[in-house]
Amino acid sequence: MKLKELLNEIRVFNDPNGYTEGELQLAKMGLDYKKLKDGTYEVWGDYYFFYITKFYKKTFPVKAKILHGNYFCGKSHLFKLKNSPEIIEGSFVCSENYLKSLKGSPKKVTEDFECNDNKLETLEGSPKEVGGEFNCINNKLISLKGSPVKIGGSFFCYNNPNLTSLQGGPKIVGGSFNCSLDNLKSLKGCPKIVKGDFAYTGNNKKITKEYVKSMCNVGGKIILRY
């Protein structure tokens, strides 16, 4: 249902009982939607969470199965993720909040998943599928446990000084892999396949390109600096 259709129906304002509060919020944001048989919604359009936090509750207005668009909830002073759509056909950005857990994330994101600059210690609760980039830099990670097994794009986990192991991380990375500026003791648990570059800089443990090649099939450059 389009916004202009709602605006043309006076009863939306005079008799809001014809629509749920969530449906009205979607319409006011210019998002099209369809209610499914199971009571969930399919929604079209980009959702800018940080823009509407002054006016609405800090959660998606309805229980959505699919959002055909991008979901932006970065810089929104969030401590938890609530009521995220199950599937995002676009990117999901929850960076620069106060998240300690990714519980409540979508199950599938077809493009990028950005959870950088939070307070995460693990990646538990992450989507099972990410078609684009996975960015978890600048957190407090002590483990990559919970990461998707396969990432369609690049995987960035650098600048997590408490991260000593790559165990639990992705096994196949379709782009580049960057684990620089961590505190890694070895590459045990690193991806089996990285189709782009493999960057390992600023870690205390010195390694060689031969060691990287023995642990991972790298399609691009191996970048080592100390």
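Numbering (the numbering used here), first residue to last: 367 to 592.
A virtual CB, placed ideally from N, CA and C, is assigned to each residue, including glycine.
Between which two residues does the beta strand (DSSP E) containing residue i stretch?
i, result
"Y399", "D398 to K401"
"K385", "It should be pointed out that residue 385 corresponds to Tyr in this sequence rather than to Lys. Here Y385 belongs to no beta strand (DSSP E), and DSSP marks it neither H nor E."
"K431", "A430 to H434"
"T567", "F564 to T567"
"L590", "I588 to R591"
Could you have a look at residue i and say whether DSSP puts it in helix, strand or coil?
i, result
"E487", "coil"
"Y413", "strand"
"S513", "coil"
"F421", "Only weak support is given to the placement of F421: the predicted model assigns it a pLDDT of 47, under 50, and the value that follows is read from those uncertain coordinates. If DSSP states are grouped into helix, strand and coil, F421 belongs with coil."
"K394", "helix"
"K474", "strand"
"G585", "coil"
In the DSSP assignment, what residue or residues form a beta bridge with residue i?
i, result
"L468", "Looking at the DSSP assignment, L468 forms no beta bridge with any residue, so it has no partner."
"K572", "DSSP lists no partner for K572."
"F500", "F479 and F521"
"F445", "BP columns for F445 are empty, so no partner."
"Y437", "Y413 and F458"
"Y593", "A query on residue 593 cannot be resolved here, the shown segment of the chain reaching from 367 to 592 and no further."
"N526", "DSSP, once it has assigned bridges, lists no residue as partnering N526."
"I453", "I432 and K474"
"N544", "F522 and A565"
"V539", "I517 and V560"
Can the beta-carbon of residue i be found less than 9 Å from the beta-carbon of residue j?
i, j, result
"I538", "K516", "yes"
"Y524", "C545", "yes"
"H434", "E408", "yes"
"G562", "G535", "no"
"F500", "S531", "no"
"L390", "K431", "no"
"K448", "K466", "no"
"I454", "E477", "yes"
"I573", "L547", "no"
Let me make sure I understand the geometry here. Which of the options has the alpha-carbon closest to that of residue i?
i, options, result
"L468", "K494, I559 and L550", "K494"
"S513", "C481, L390 and A393", "C481"
"K570", "N528, G535 and T386", "It should be noted that the sequence gives Asn, not Lys, for residue 570. Minimum Cα distance to N570 is reached at N528."
"G440", "Y414, K485 and S450", "Y414"
"S471", "D412, E462, Y399 and Y437", "Y437"
"G411", "N549, D398 and S492", "D398"
"Q533", "K473, T488, G396 and G498", "T488"
"K474", "S580, G518 and D404", "G518"
"F598", "V428, G456 and N463", "Absent from the structure is residue 598, since the part of the chain shown begins at 367 and ends at 592."
"S542", "M395, G396, C582 and E576", "C582"
"T406", "S492, K554, F458 and P427", "P427"
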